[in-house]
Amino acid sequence: MTNDTPTHANLSAFPTHSSQSKQKYTLALRWTIILVPITLIAIGVSTQFFIHPTAFDTFSPNSIHEWKTWTKSLTDWSLHERHKPTESSLWLAIVPGTNALPVIKRSTPSATPAPTVPINPTLPTPFPQPYDTTLSPNFFSTTSCYNFFLNMTQTNALRSCRPFSFLLTRSQAFIQDQNNITATNIDIWGTCNTDLSSSQCDLNMAWFTSSLRSSCATDLSDQNAMAVGALIGLQAFDLMRQAGCSVDPVANAYCYVEAVASSDASSYYFYQLPLGQALPKITSGACNSCTKSLMSLYSAALSSANAASLTGLQATYGDAATKLNDVCGSPYAQTSTVASSSAPPNIDLTSVGGAWAVLLAVGVLSISMSS
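For reference, each letter of the sequence shown is one residue, going 4 to 374 in the working numbering.
What follows is the structure, given as structure tokens:
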């Protein structure tokens, strides 16, 4: 009689679930040990490549590099010469904190004294406006900032306020008018007498400031010249309006127009201090009541509730006051200590690459262990 009872299977002939998991874990660990170093090396090499000046030049629309010159260029890690701005954008390349001298576009001073403040003159049509040349996306780090500038420069909220803080260095029409002292006198009258009230213009500039901080956050972090310059100009709008509209009571002429007309440019330089332009060497030509009054205006502004927003003036006033007092005597300008504004955070590309490497390594390990 046969025994039909099935015999027990030999369990040792088949791998158990625990054994299979152990093998998968071991295999995953081996691949992780291999892949993680390769990933780190790849990211390190690519990071070094993309921060190389040659790589940046190649992605630039004005690149002059050819592919066959890359091998030699990429092995050169010496300091590269800074690219020179093109002639069309040179007047826009004024960056606070640099050693660039303030811009004076008048080729020759006026042969006659500054005219008196005009009475209801006929304003030029159109009136000089800031950023009156073609704005290029190449001037910006982001499209959002470029679009912000396009919208801001075309809106009446800015144009109707005729901001002296922008016209002084960002308007070719205004700068060209300085070749005609009468035209300059009328332009200044126009900046001081706008259809919108000064308080409404202050509100407009505050709105633009907030929008610029949002739309140009990356550009500001990158210290983009256009974004940083515009922010300083917007925040200095009210102070610059007061400075441009100040009148010499003796001559009944705008102090700024007198500075433009003078054969000595020393007084002219002081109007660019709120825009972050350092004062160059001056002469005794700056020793006049207008300069003294202007520095008093600046000193008061740095003691006001809005002092923190006047970053351009904070960076230039102290040195300017010292130079003026050295030339004219200590009573001319009040010396004060102003806190330097904090610089925007810098982003380390190497650190970013390292962070991605860690995340990728963790991802590889997680996927392998779950397989």
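Glycine is no exception: its CB is placed at the ideal position from the N, C-alpha and C atoms.
Just the Cα atoms here: how many angstroms apart are residue i and residue j?
i	j	result
S306	N159	32 Å
G193	K284	31 Å
Y335	S292	9 Å
T119	T145	45 Å
N141	S147	13 Å
L170	I178	8 Å
P252	P124	20 Å
A254	C290	16 Å
N227	R33	47 Å
I44	R162	53 Å
S299	I235	20 Å
D329	T185	34 Å
S333	N150	47 Å
Q275	P40	54 Å
N309	T42	50 Å
G232	L38	47 Å
R216	S200	25 Å
D225	C204	28 Å
T220	T325	It is worth fixing the name first, because residue 220 is Ala in this sequence and not Thr. One C-alpha to the other measures close to 35 Å.
N65	F143	Residue confidence is low: N65 scores 41 on pLDDT, short of 50, so the model does not pin down where it sits. Its coordinate-derived value is still stated next. For N65 and F143, the distance between alpha carbons rounds to 15 Å.
D267	A176	23 Å
With a Cβ-Cβ cutoff of 8 Å, do residue i and residue j count as a contact?
i	j	result
S265	G288	yes
D180	T187	yes
S139	P277	no
Y271	A262	yes
C331	L297	no
L313	L242	yes
T338	G315	no
Just checking my contact of residue i with residue j at CB under 8 Å: how many whole Å lie between their CB atoms?
i	j	result
I189	P129	I189 to P129, Cβ: 13 Å. No contact.
V250	A117	Actually they are not in contact, since the Cβ atoms of V250 and A117 sit about 11 Å apart, beyond 8 Å.
Please identify the residue among the options whose C-alpha is closest to the C-alpha of residue i.
i	options	result
F240	A304, M208 and F143	M208
Y134	T325, L234 and F152	F152
N154	S214, F142 and T185	S214
A323	Y301, A310, A308 and D198	Y301
A311	F273, S269 and Q238	Q238
L126	P116, Q157, D198 and F143	D198
S174	S333, P131, I191 and T319	P131
P166	N150, S202, T185 and Y149	S202
L327	A304, S163, R33 and K295	K295
Q317	G279, A308, A303 and T286	G279
F211	I191, S200, C164 and N196	C164
R244	I41, N150, C195 and L38	C195
T286	Q275, S269, F273 and Y274	S269
T319	A303, F273, N150 and A220	F273
Buried or exposed, going by whether 16 or more other CB atoms sit within 10 Å of the CB of residue i?
i	result
S218	buried
T137	exposed
T115	exposed
Q157	exposed
N183	exposed
D222	buried
A30	Going by the sequence as given, residue 30 is Leu instead of Ala. L30 should be labelled exposed.
A230	buried
I36	exposed
A256	buried
I191	buried
A304	buried
I want to check one thing, is the minimum distance from the CB of residue i to the heavy atoms of the ligand HEM below 7 Å?
i	result
Q238	Annotation note on the ligand HEM: not contained in the displayed structure, which lists no ligands.
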